[in-house]
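Visitor: Sequential numbering from 160 applies to the sequence shown in this note's numbering. Just so you know, even glycine gets a beta-carbon here, dropped at the ideal spot from N, CA and C. Quick caveat, the model's predicted, so the values are computed rather than measured. My questions all concern the structure below.
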Amino acid sequence: MPPGAHRIDSCSACWTDSGVYVKIVVVVVVVVVVVVVVVVVVVVAVEVIVVLLVVVVVLAAAATVVVVVVVVVVVVVVVMMVVEEVIVVKVVVVVVVVAVVVVVVVVVVVVVVVVVMMVVEEVIVVKVVVVVVVVAVVVVVVVVVSSSSSSSSTLVFRA
160 MPPGAHRIDS CSACWTDSGV YVKIVVVVVV VVVVVVVVVV VVVVAVEVIV
210 VLLVVVVVLA AAATVVVVVV VVVVVVVVVM MVVEEVIVVK VVVVVVVVAV
260 VVVVVVVVVV VVVVVVMMVV EEVIVVKVVV VVVVVAVVVV VVVVVSSSSS
310 SSSTLVFRA
């Protein structure tokens, strides 16, 4: 090992020490809450037709995925600059899995909302379905992100 270099065995310890993990969780939760609020306000304030609702949900999902990807890239770069260690692929895989879960859940939301609006043409039912599914998305994202902290990913030394 070069002089002055140090070894960090656990990626979660590295993230906790630098506060980066906490910042990631806060950013993801804030983004999800903002998306939930926007969708609920649009659904409650306007009597939305199916096309508009689908567009709003898809745009919210796309914005969420874009923000998550940008945050991941920034965090990986910052952690590599600050800690001067190469991050194992497991950390990136966890974030990609979270993004895929969010996209899949949003697609399910769109399908459920469209089917409910076609079968039961009641706006109140659709509002309830949207709120319940959006809350479920938040719970899934928070659980997946929180559980990723308990898995230990080892860091390797920089060449």
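Expressed to the nearest angstrom, what Euclidean distance is found between the alpha-carbon atoms of V193 and A219?
Guide: Here residue 193 refers to the residue found at position 34 when the sequence shown is read from its first residue. Here residue 219 refers to the residue found at position 60 when the sequence shown is read from its first residue. One C-alpha to the other measures close to 9 Å.
Visitor: Using only CA atoms, which one of V197, V260, V215 and V234 lies nearest to V186?
Guide: Along the sequence shown, one-based indexing puts residue 186 at 27. The residue with the shortest Cα to Cα distance from V186 is V234.
Visitor: Does A318 come out as helix, strand or coil in the three-state DSSP assignment?
Guide: If you number the sequence shown from 1, residue 318 lands on position 159. Since pLDDT at A318 reaches only 46, below the 50 mark, its modelled position is unreliable, and no value is offered.
Visitor: By Cβ distance below 6 Å, which residues in the same chain neighbour V296 in space, the five residues on each side in sequence not counted?
Guide: Translated into positions along the sequence shown, residue 296 becomes position 137. Counting only Cβ-Cβ distances below 6 Å, and skipping sequence neighbours, we find V264.
Visitor: Measure the C-alpha to C-alpha separation of V301 and V188 and round it to an integer number of angstroms.
Guide: Residue numbering aside, residue 301 sits at position 142 when the sequence shown is read from its first letter. Residue numbering aside, residue 188 sits at position 29 when the sequence shown is read from its first letter. Taking the straight line from one Cα to the other gives about 7 Å.
Visitor: Could you compute how far the alpha carbon of T313 sits from the alpha carbon of V191?
Guide: Taking the sequence shown and counting its residues from 1, the one referred to as residue 313 is at position 154. Taking the sequence shown and counting its residues from 1, the one referred to as residue 191 is at position 32. Residue confidence is low: T313 scores 43 on pLDDT, short of 50, so the model does not pin down where it sits. No coordinate-derived value is stated.
Visitor: Would V196 be called buried (16 or more neighbouring beta carbons within 10 Å of its own) or exposed?
Guide: For the purposes of this step, residue 196 is taken as the residue at position 37 of the sequence shown. So V196 counts as exposed.
Visitor: Give the straight-line distance between the Cα atoms of V266 and V215, rounded to the nearest whole angstrom.
Guide: Along the sequence shown, read from residue 1 onward, the residue named residue 266 stands at position 107. Along the sequence shown, read from residue 1 onward, the residue named residue 215 stands at position 56. Straight-line Cα distance between these residues: approximately 12 Å.
Visitor: Would you kindly work out how many angstroms separate the C-alpha atoms of V338 and V260, rounded to a whole number?
Guide: One cannot answer for residue 338 here, as it falls past the ends of the chain, which runs 160 to 318.
Visitor: Quick check: V147 and V262, are their CB atoms within less than 8 Å of each other?
Guide: Residue 147 lies beyond the range of the chain shown here (160 to 318); nothing can be said about it.
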